[in-house]
Amino acid sequence: MTKKYTVVLAGNPNCGKTTLFNALTGSHQHIGNYPGVTVEKKEGSLKLHGASIRIIDLPGMYDLQAHSPEEEVARSVIERESPDIIISVVDSSSLERNLFLTSQLMEKGIPVLVVLNMADTAEKKGYVIDPHLLSEAMQVDIVKTIGHKNQGITSLKEKIYQLCHQSATLSPPTVLPKSLQQKKNISTEDRYRIIGEWLHSAVTYKKKPGSRLTEKLDDVLTHPFWGVVIFVGLMYVVFSLVFIVGAPFMEWIESFFSWTSSMIVQFWPATVYPFLRSLLIEGIIGGVGGVIVFLPNILLLFLAIAFLEGTGYMSRVAFIMDGFMEKMNLHGKSIVPMLLGFGCSVPAIMATRTLESRQERMTTMMILPLMSCGARLTIYALLIPAFFPPNLHGPMLWLMYFIGILVAMVAAKILRKTIFKGDSVPFLIELPEYRMPTLKNILLEMWNQSKEYLKKAGSIILILSVLLWGLASFPKIQEYSQDYQSSMQLLEESTLAESQKETEMQSLLQAMQEEELAYTYAGRTGRFLEPAIKPLGFDWKIGTALIGALAAKEMFVAQLGIVNAVRDTEENQVPLRDKLRDQYTPLVAFCIMLFCLISSPCVATCAVTRRESNSWKWALIQFFGLTVIAYILTLVVYQVGSLL
Amino acid sequence: MSEVDSRRSMKICSIHGDEAYIRRLSCMGILCGKTISVLRRHGRRGAMMIQAGDSRFALDVGLYENIEVEEEQ
Chain A
106 MTKKYTVVLA
116 GNPNCGKTTL
126 FNALTGSHQH
136 IGNYPGVTVE
146 KKEGSLKLHG
156 ASIRIIDLPG
166 MYDLQAHSPE
176 EEVARSVIER
186 ESPDIIISVV
196 DSSSLERNLF
206 LTSQLMEKGI
216 PVLVVLNMAD
226 TAEKKGYVID
236 PHLLSEAMQV
246 DIVKTIGHKN
256 QGITSLKEKI
266 YQLCHQSATL
276 SPPTVLPKSL
286 QQKKNISTED
296 RYRIIGEWLH
306 SAVTYKKKPG
316 SRLTEKLDDV
326 LTHPFWGVVI
336 FVGLMYVVFS
346 LVFIVGAPFM
356 EWIESFFSWT
366 SSMIVQFWPA
376 TVYPFLRSLL
386 IEGIIGGVGG
396 VIVFLPNILL
406 LFLAIAFLEG
416 TGYMSRVAFI
426 MDGFMEKMNL
436 HGKSIVPMLL
446 GFGCSVPAIM
456 ATRTLESRQE
466 RMTTMMILPL
476 MSCGARLTIY
486 ALLIPAFFPP
496 NLHGPMLWLM
506 YFIGILVAMV
516 AAKILRKTIF
526 KGDSVPFLIE
536 LPEYRMPTLK
546 NILLEMWNQS
556 KEYLKKAGSI
566 ILILSVLLWG
576 LASFPKIQEY
586 SQDYQSSMQL
596 LEESTLAESQ
606 KETEMQSLLQ
616 AMQEEELAYT
626 YAGRTGRFLE
636 PAIKPLGFDW
646 KIGTALIGAL
656 AAKEMFVAQL
666 GIVNAVRDTE
676 ENQVPLRDKL
686 RDQYTPLVAF
696 CIMLFCLISS
706 PCVATCAVTR
716 RESNSWKWAL
726 IQFFGLTVIA
736 YILTLVVYQV
746 GSLL
Chain B
43 MSEVDSRRSM
53 KICSIHGDEA
63 YIRRLSCMGI
73 LCGKTISVLR
83 RHGRRGAMMI
93 QAGDSRFALD
103 VGLYENIEVE
113 EEQ
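Line by line, the protein sequences give chains A and B. In the numbering used here, each number is its position in the first sequence, counted from 1, plus 105. In the numbering used here, each number is its position in the second sequence, counted from 1, plus 42.
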């Protein structure tokens, strides 16, 4: 019978814990969540000498006794899982601070294995650590590793197995010297004194001359002026990378789905199970394709973010942008989720977990959908070229992003003064040493995040795409206002010129499709909504497309194509643009973009808001609150614009 | 610490304010008796970057105005 063990990995943030976790578990890890908690832990497995070892990677933390979400998770995991051993990962280049947490873990009554990670960084700094002496002083087993170079991993695995195997007979470590054993709570000063005693004989320091990369980079990257300039420039590079480099990959995916659809059309006759055929082509391929098309952007964005995070730069961004964020009554750390929001609101909302104050976290979460996400770009890409001259394309796009940030700033200020009022949590963040992250780790991080995006958003979007397809397809019209078939036949037999015949045939077909759509549930809802959206300059067709945008913003374009009875929208972008230009004014186009920018976020975002806030209330407030703001602003813009 | 200029090393003589933050600072290695260096500050009341031991931290006025420092002996 396979022996099963549970091991917990704990340590300060930035001590290389995740690198070790990946090295130990390989590709077996998966991301899980504890119900009711807000911070992620990772789980993986290690098979060794016939034993199955479950490895739980706790969130990075400094202290076991505080009450931030990370510490809550750590305590909960240690208490609920009753691990066989705790692995305390420490950054060897900052031993004193890292061993503070180790000393707390050693009081849990569970055998502890200390991993002296980043041994190379410690050596570079001039530290010489004798692991045997340290092990003797601490009375625990110690293994030395360099996680990012995969050094010491085999010894670590063997030691884990050995300790797991002996865990039942091992006695838990003791932190307290006899003089302090009577004390109920050991003070911070005493704890540091004990750590000092451990380190006294085991660590020597020889100052090494030479360049200190972190100091030199920080001189430039955290400069009050140049730091901001470099940050803005870097973000420009990231967005360019995401949208320019991603474009050809998006086209390939689009072509693939078009090809798949055309193959089905070719080999599946329209008369054989027409319902299933339509569901597959328009509902499933259309829905899933709509999401997967944006996968290159998402992958590239997470690649860039993983690289910047891996280098240690993101903490510096929080530092240089703290003043700006303070003006929005937000925390310096809020900048990271906000930047992620330009890619997709789903991972951005998940990234708010790093914020300690619930008020600041909730405020950031509520305003995040105002950061113009990648899906909204498809709406801008359709409408801006259709209604504005080429010299205004760039400025119009920037205007949309700017409006989003401006509304977010005002909304954050209002929320922090009303619903989420309360003092700001003081800003305190560790600025880790700059490092060159390994390609393997960046790719793993990118894939983990993207997988989450596909899993969470993709499933919801797929279901709702099918639902929206159903709404836009049923009920089927029984009686048309005119006999289109006879009209088409008469036209076919007429002596008109071929080009004129084709134009008129197209008009008849479009009129028929419009009538079919108007009869469906989506069409009826659009007409039902029309009186409410007319003051914004929108007609029932736009209303129907707005319903489509509820599932995912990019579905607005597809839905607008359907309601305008233009087939194969993606292949015929120009006709759709021409058609829109014939029906609407630039003011209406601007109002559509404004409304789509500010109004209710997509269903996936609402679902993540619900999960992260642990309440439907906030997801609904976000949904309806943003829609009301969008309605009022669009109404003002349209009505004032109409007067000019 | 509000008055300390960049590039100066000082010794922490007391930290007052919320107990939770004193504890948070302590477990990060910022506690009485420790020497810290101010590496960068963004204005008189802006965020500050400090070096404490082998680690660098950014903290805002809400924290550093509660930290009292003295010249190193």
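Here a beta-carbon is modelled for each residue, glycine too, at the ideal position from N, C-alpha and C. Please read all numbers here as calculations on a predicted model, not as lab measurements.
Alpha carbon to alpha carbon, how far is residue i from residue j?
| i | j | result |
| --- | --- | --- |
| Ser187 of chain A | Leu163 of chain A | 14 Å |
| Arg715 of chain A | Val708 of chain A | 10 Å |
| Asn108 of chain B | Pro442 of chain A | 29 Å |
| Trp574 of chain A | Ala224 of chain A | 58 Å |
| Glu263 of chain A | Gly257 of chain A | 10 Å |
| Arg458 of chain A | Leu435 of chain A | 14 Å |
| Leu67 of chain B | Gly85 of chain B | 22 Å |
| Val144 of chain A | Thr365 of chain A | Low per-residue confidence applies at Val144 of chain A: pLDDT is 46, beneath 50, and the placement is therefore not dependable enough to give any value. |
| Ile215 of chain A | His154 of chain A | 23 Å |
| Gly252 of chain A | Met91 of chain B | 28 Å |
| Glu620 of chain A | Gly131 of chain A | 57 Å |
| Ala513 of chain A | Met471 of chain A | 9 Å |
| Lys152 of chain A | Phe407 of chain A | 30 Å |
| Met43 of chain B | Leu326 of chain A | 23 Å |
| Val374 of chain A | Val745 of chain A | The residue you asked about is not Val; residue 374 of chain A is Pro in the sequence shown. Pro374 of chain A and Val745 of chain A: Cα-Cα distance of roughly 52 Å. |
| Glu302 of chain A | Leu239 of chain A | 10 Å |
| Met355 of chain A | Asp687 of chain A | 29 Å |
| Ala517 of chain A | Pro691 of chain A | 30 Å |
| Tyr506 of chain A | Ser450 of chain A | 14 Å |
| Pro329 of chain A | Ile425 of chain A | 7 Å |
| Ile234 of chain A | Ala62 of chain B | 33 Å |
| Leu731 of chain A | Gly509 of chain A | 12 Å |
| Arg50 of chain B | Arg83 of chain B | 11 Å |
Under 7 Å Cβ-Cβ, which residues of chain B neighbour residue i?
| i | result |
| --- | --- |
| Pro442 of chain A | Chain B residues near Pro442 of chain A: none, gap ~18 Å exceeds 7 Å. |
| Leu536 of chain A | Met91, Arg98, Phe99, Ala100 |
| Glu201 of chain A | Gly71, Gly95 |
From the DSSP output, read off the bridge partner residues of residue i.
| i | result |
| --- | --- |
| Gly116 of chain A | A:Val194 |
| Arg159 of chain A | A:Thr111, A:Ser150 |
| Ser51 of chain B | B:Ser79 |
| Ala100 of chain B | A:Ile534, B:Met91 |
| Leu221 of chain A | A:Val195, A:Lys249 |
| Glu112 of chain B | B:Lys53 |
| Val745 of chain A | Its beta-bridge partners do not exist; DSSP assigns none. |
| Thr309 of chain A | A:Val233 |
| Gln256 of chain A | A:Ile251 |
Interface residues of chain B around residue i at Cβ under 8 Å?
| i | result |
| --- | --- |
| Tyr167 of chain A | Arg66, Cys69, Met70 |
| Gly628 of chain A | Correct list: empty, because the minimum Cβ distance to chain B is about 55 Å. |
| Phe700 of chain A | The contacting residues do not exist; Phe700 of chain A stays about 37 Å from chain B at best. |
| Ser198 of chain A | Asp96 |
| Thr293 of chain A | Arg65, Ser68, Cys69, Leu73 |
Here's a check: name, in chain order, each residue in its chain whose Cβ is nearer than 7 Å to the Cβ of residue i, leaving out the five neighbours to either side.
| i | result |
| --- | --- |
| Ile397 of chain A | Ile358 |
| Leu346 of chain A | Leu405, Ala409 |
| Leu502 of chain A | Tyr485, Ile489 |
| Arg296 of chain A | Phe205, Ser208 |
| Leu738 of chain A | Leu699, Ile703 |
| Met467 of chain A | Phe525, Ser718, Trp723 |
Given residue i, which residues of its chain have a CB within under 6 Å of its CB, disregarding the five upstream and five downstream residues?
| i | result |
| --- | --- |
| Ala453 of chain A | Pro442, Leu445, Gly446, Leu473 |
| Lys109 of chain A | Ser157 |
| Val679 of chain A | The predicted position of Val679 of chain A is uncertain, since its pLDDT is 43 and thus under 50; a value taken from the coordinates is nonetheless stated next. Cβ within range, chain order: n/a, list empty. |
| Asp196 of chain A | Cys120, Asn203, Met223 |
| Glu294 of chain A | none |
| Ala179 of chain A | Leu163, Met166 |
| Arg226 of chain A | For clarity, residue 226 of chain A is Thr in the given sequence; the question names Arg instead. Cβ neighbours of Thr226 of chain A beyond the five flanking positions: Ser198. |
Along chain B, which residues have their Cβ under 9 Å away from the Cβ of residue i?
| i | result |
| --- | --- |
| Gly437 of chain A | Ala89, Ala100, Asp102 |
| Ala486 of chain A | Correct list: empty, because the minimum Cβ distance to chain B is about 38 Å. |
| Ser529 of chain A | Asp102, Gly104 |
Could you name the residues of the same chain whose beta carbon sits closer than 8 Å to that of residue i, not counting the 5 residues immediately before and after it, in chain order?
| i | result |
| --- | --- |
| Leu613 of chain A | Tyr589, Ser592, Met593, Leu596 |
| Leu322 of chain A | Tyr539 |
| Ile54 of chain B | Ile72, Leu73, Cys74, Gly75, Lys76, Thr77, Ile78, Ile109, Glu110, Val111 |
| Glu609 of chain A | Leu596, Leu601 |
Residue i versus chain A: which residues are under 7 Å apart at the beta carbon?
| i | result |
| --- | --- |
| Arg50 of chain B | None at all; the shortest Cβ gap to chain A is about 16 Å. |
| His58 of chain B | In chain order: nothing, as chain A lies at least about 13 Å away. |
Could you name the residues of chain A that residue i contacts, counting a contact when the two beta carbons are closer than 9 Å?
| i | result |
| --- | --- |
| Arg86 of chain B | The premise fails here: Arg86 of chain B is roughly 12 Å from chain A at the closest Cβ pair, so nothing lies under 9 Å. |
Taking 7 Å as the cut-off, is the beta-carbon of residue i closer than that to any non-hydrogen atom of the ligand MG?
| i | result |
| --- | --- |
| Ala657 of chain A | In the structure on display, the ligand MG does not appear, and there are no ligands present to speak of. |
Near-chain B residues of the stretch 315-329 of chain A (beta-carbon distance less than 9 Å), N- to C-terminal order: Those residues of the stretch 315-329 of chain A placed with their C-beta closer than 9 Å to a C-beta in chain B are Thr319, Glu320, Asp323, Asp324, Thr327, His328, Pro329, ordered along the chain.
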